[in-house]
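Top line first, the protein sequences correspond to chains A and B.
Using this note's numbering, you'd call the opening residue of the first sequence number 7 and step up by one each time.
Using this note's numbering, you'd call the opening residue of the second sequence number 43 and step up by one each time.
Working notes, beginning with the structure itself.
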Amino acid sequence: MSQEDQQESGPVEVSVLVSGEHLSSIDAVAKALESAGLRVSGVMGTVGVITGATDDPDQLGALEQLDGVDSVEVTRKIQLPPPDSPIQ
Amino acid sequence: MMEFSATGGPEEYLAGTTTGRYLVLFEGGAAEAGIAALTHATGARRVAATDDVTEPEPNEALFFEQLGVAVVDTNPQQMRQAGVEPAAQGIIAVEPERINEAFQAPGTVEDVPATARSVEYLQGYRDAVLHLTAPAAGDLAEEAGLLAVADETQATWGLQAVRAVNSSFSGEGIRVAILDTGCDLKHPDFAGRAITDRSFIPGEAVQDANGHGTHCIGTSMGLKTAPTGPRYGVAYDAEIYAGKVLSDAGSGSDSQILGGIEWAIRNKCAVVSMSLGARTSPGQGFSRVFEAVAARAQDAGTLIIAAAGNDSNRPTSVIPVSHPANCPSIMAVAALDSSLKVARFSNRGINPSGGQIDIAAPGVDVYSSFPMATRYRRLSGTSMATPHVAGVAALLAQANPGARGAALWQLVTTRARRLALLSSADVGAGLVQAP
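Set out below in structure tokens:
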């Protein structure tokens with residue numbers, strides 16, 4: 007297992023953690039994120055996470071200030087070793 | 043670990059943090075003689091511990107037969123007058139019972155039955171005393187004796203080491219999600235098995251063209267009697283949920299993994315196994331997103347288990363536990379070899395607050411299923427250790443229908459076999475053990 011940091015230019019993909027009190031109104035949080043410029047790609051009501059992308063990395067701090075948002079993390083990439091590697 | 047003397051008398055311990063009761067550890071094989079000597083000397087009445095009876099009444103000696111431990115409720119003067127001390131017949135150690143607050147697993151301890159906490163506490167006491175009193179050479183021999191398993195004719199060394207072979211549980215009725223590269227749905231060893239699958243990789247079907255996922259599913263839930271070769275699957279009757287969160291090229295992202303977790307919780311999987319991760323650096327914190335998700339999963343009855351990572355090259359370098367296994371509410375799995383040594387590549391608990399290793403499992407030279415036409419392959423890695431733990435967790439979930447989430451976590455770690463010669467920073471609670 008190893009990590010490749012997200013370095014390519016272009017949209018920044020993020021995972022947005024919705025606070026516990028706002029789980030029941032996660033769709034409203036998703037709308038607020040969209041209004042703030044996030045292109046929402048997924049709303050996961052059980053775990054309370056909204057995924058999306060933005061072209062403006064400087065926007066992330068503003069997203070974190072929105073009502074119902076606990077935290078915003080840039081999506082990590084995960085890469086397994088090549089299949090022929092003896093260590094997996 | 044608790045501090046105590048294995049040889050001191052009871053009166054040394056009258057600090058304010060004790061309960062006023064005493065723990066007495068008996069010699070293995072001499073517990074009957076020991077409890078008889080204890081009750082005779084103190085006048086306490088012998089009571090057998092059960093699921094419902096976990097606290098002694100005054101003047102009772104509550105006897106945990108499986109553990110070889112008694113909890114005695116009597117006053118210090120009586121203990122002293124009775125001469126109950128380690129010199130007595132069949133008794134290894136005596137110490138005042140401490141207020142139990144050191145055994146909170148991540149998550150909510152309130153959900154855990156008092157029995158589980160008591161038993162864990164007593165197991166910890168027993169193991170600590172035995173560790174201090176047993177000569178190291180004896181421990182080595184004991185641990186080596188666990189594994190006269192060079193012979194893989196019947197079952198892989200890993201299944202023997204986790205004691206899955208003779209378990210009376212099969213994982214029946216338990217759903218286990220393997221979030222990985224998918225599954226070879228045409229593999230003859232999975233013929234007739236109900237497999238629920240979903241791909242979170244755009245443009246790729248669940249069908250596993252990588253092999254990693256098929257190997258992990260085999261270890262956790264492969265069939266009981268393989269048509270050829272040894273048995274390699276732990277929970278052979280568990281329901282397979284194959285979530286493809288890594289592409290055939292072995293790549294994925296946080297969002298795809300989170301999607302897989304969401305799917306597993308919605309499908310009421312008791313166990314999620316994730317043989318994946320990203321390297322971390324010393325001092326790096328854990329993901330708030332994954333931690334909250336894992337805690338919410340536990341509350342919903344889903345235990346998430348993940349590989350600690352293979353970035354180390356011992357003894358030259360040791361690297362901290364990977365993301366997301368470094369989250370406090372995700373169980374981090376280290377890899378052992380067949381002589382029960384830490385695998386050269388296995389990461390270590392270095393970062394504080396959640397970055398520790400929680401448990402260890404077989405992860406070197408692991409034989410399991412692989413996409414056709416290869417059919418079987420041996421691989422090494424914490425990726426191979428993780429599904430051993432997931433399979434055992436499924437057996438424990440079947441054996442304990444009320445234990446899910448944090449309570450299941452506690453069962454998995456409580457029942458682990460302590461590896462006294464290894465550091466808990468490397469192996470956590472020890473080698474996972476089937477019920």
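Where a beta carbon is used, it is the ideal one built from N, C-alpha and C, also for glycine.
A quick note: this is a predicted structure, and the numbers were derived from the prediction, not measured.
Short CB-CB distance (under 7 Å) between residue i and chain A
| i | result |
| --- | --- |
| D296/B | yes |
| V331/B | yes |
| N442/B | no |
| H430/B | no |
| S380/B | no |
| P148/B | Confidence is the limiting factor: at P148/B the pLDDT is only 37, short of 50, which leaves the residue's position unreliable, though a coordinate-based value still follows. P148/B does not count as touching chain A. |
| I307/B | yes |
| F387/B | yes |
| L318/B | yes |
Residue-level contact to chain B via CB, residue i, 7 Å cutoff
| i | result |
| --- | --- |
| R45/A | no |
| T60/A | no |
| S31/A | no |
| L86/A | yes |
| E40/A | no |
| P63/A | no |
| E79/A | yes |
| P89/A | yes |
Contacts around residue i, its chain only, beta-carbon distance under 7 Å, and the 5 residues preceding and following it disregarded
| i | result |
| --- | --- |
| E10/A | Note that E10/A scores a pLDDT of 44, beneath 50, so its modelled location is shaky and nothing firm can be said. |
| A284/B | I220, G224, C225, I237, D239, V248, G255 and I259 |
| R235/B | I282 |
| L201/B | V207, R273, Y274 and V276 |
| F412/B | G253, T256, H257, Y418 and R419 |
| G187/B | In this prediction, G187/B has a pLDDT of 49, which is less than 50 and means its spatial position is unreliable; what the coordinates show is noted afterwards. Result list for G187/B: empty, nothing under 7 Å. |
| A435/B | V313, L345, I347, L450 and V454 |
| A432/B | V218, S262, V313, S315 and I347 |
Start and end residues, beta strand (DSSP E) containing residue i
| i | result |
| --- | --- |
| S293/B | S293 to S295 |
| V80/A | V75 to V80 |
| I282/B | E281 to K286 |
| R235/B | Premise fails: R235/B is in no beta strand (DSSP E) and is neither H nor E. |
| F106/B | E102 to F106 |
| G200/B | Per DSSP, G200/B belongs to no beta strand (DSSP E); it is in the alpha helix (DSSP H), W199 to A203. |
| V314/B | V313 to M316 |
| T60/A | V55 to T60 |
| L378/B | M373 to L378 |
| L450/B | Note, L450/B: premise wrong, no beta strand (DSSP E); alpha helix (DSSP H) at A448 to T456. |
| A247/B | Element bounds for A247/B: n/a, residue is neither H nor E. |
| I347/B | L345 to A349 |
Same chain only: Cβ atoms within 6 Å of residue i, ignoring 5 sequence neighbours per side
| i | result |
| --- | --- |
| T57/A | S21, S47 and G48 |
| V89/B | E102 and L104 |
| A36/A | V46, V49 and I56 |
| G494/B | Because chain B in this structure spans residues 43 to 477, residue 494/B falls outside the shown range and cannot be described. |
Same chain only: Cβ atoms within 8 Å of residue i, ignoring 5 sequence neighbours per side
| i | result |
| --- | --- |
| M304/B | Going by the sequence as given, residue 304/B is Glu instead of Met. Closer than 8 Å at the Cβ level, and outside the excluded window around E304/B, lies no residue. |
| E214/B | D279, A280 and Q440 |
| A42/A | Q65, A68, L69 and L72 |
| F106/B | A91, A112, V113, V161 and L164 |
7 Å Cβ cutoff, residue i in contact with chain D
| i | result |
| --- | --- |
| N368/B | The structure shown has no chain D; the protein chains it does contain are A and B. |
N-terminal and C-terminal residue of the alpha helix (DSSP H) that residue i is part of
| i | result |
| --- | --- |
| I32/A | I32 to S41 |
| G67/A | L66 to E70 |
| Y425/B | A small correction: the amino acid at residue 425/B is Ser; Tyr does not occupy that position in the sequence shown. T424 to A441 is the extent of the alpha helix (DSSP H) around S425/B. |
| T81/B | A73 to T84 |
| D468/B | S466 to V469 |
| F412/B | Where F412/B is concerned, there is no enclosing alpha helix (DSSP H), although the beta strand (DSSP E) it sits in stretches over V408 to F412. |
Residues that residue i contacts on chain A, provided the C-beta gap is smaller than 7 Å
| i | result |
| --- | --- |
| V335/B | V53 and V55 |
| G253/B | P89 |
| R338/B | V53 and G54 |
Within chain A, the residues that residue i reaches when beta carbons sit closer than 9 Å
| i | result |
| --- | --- |
| S422/B | P92, I93 and Q94 |
| S293/B | E10, K83, I84, Q85 and L86 |
| L288/B | I84, Q85 and L86 |
| M426/B | Q94 |
Interface partners of residue i on chain B, CB under 7 Å
| i | result |
| --- | --- |
| L23/A | R330, V331 and A334 |
| D73/A | Here the premise fails: no neighbours, minimum Cβ distance about 17 Å. |
Any non-hydrogen atom of the ligand MG closer than 6 Å to residue i Cβ
| i | result |
| --- | --- |
| V276/B | Summarising the ligand content, the structure contains no ligands, and the ligand MG is consequently not present. |
Cross-chain neighbours of residue i in chain A, by beta carbon under 8 Å
| i | result |
| --- | --- |
| A342/B | T52 |
| H229/B | Going along chain A, no residue has its Cβ under 8 Å from H229/B, so there is no contact; the nearest lies around 16 Å. |
Contact list for residue i against chain B, beta-carbon separation under 9 Å
| i | result |
| --- | --- |
| E19/A | S295, D296 and S297 |
| G104/A | For residue 104/A there is no data in the structure shown, the boundaries of chain A being 7 and 94. |
Does the structure place the region 451 to 468 of chain B close enough to the region 219 to 228 of chain B that three or more beta carbon pairs sit under 8 Å? no
Between the region 74 to 82 of chain A and the region 65 to 77 of chain B, do three or more beta carbon pairs fall short of 8 Å? Contact between the region 74 to 82 of chain A and the region 65 to 77 of chain B is absent, because fewer than three Cβ pairs lie under 8 Å.
Between the region 426 to 445 of chain B and the region 351 to 359 of chain B, are three or more C-beta pairs nearer than 8 Å? no
Whether or not the region 322 to 329 of chain B and the region 285 to 292 of chain B are in contact is what I'm after, with contact meaning three or more pairs of Cβ atoms, one per stretch, closer than 8 Å; do they touch? Taking 8 Å as the limit for Cβ pairs, the verdict is that the region 322 to 329 of chain B does not touch the region 285 to 292 of chain B.
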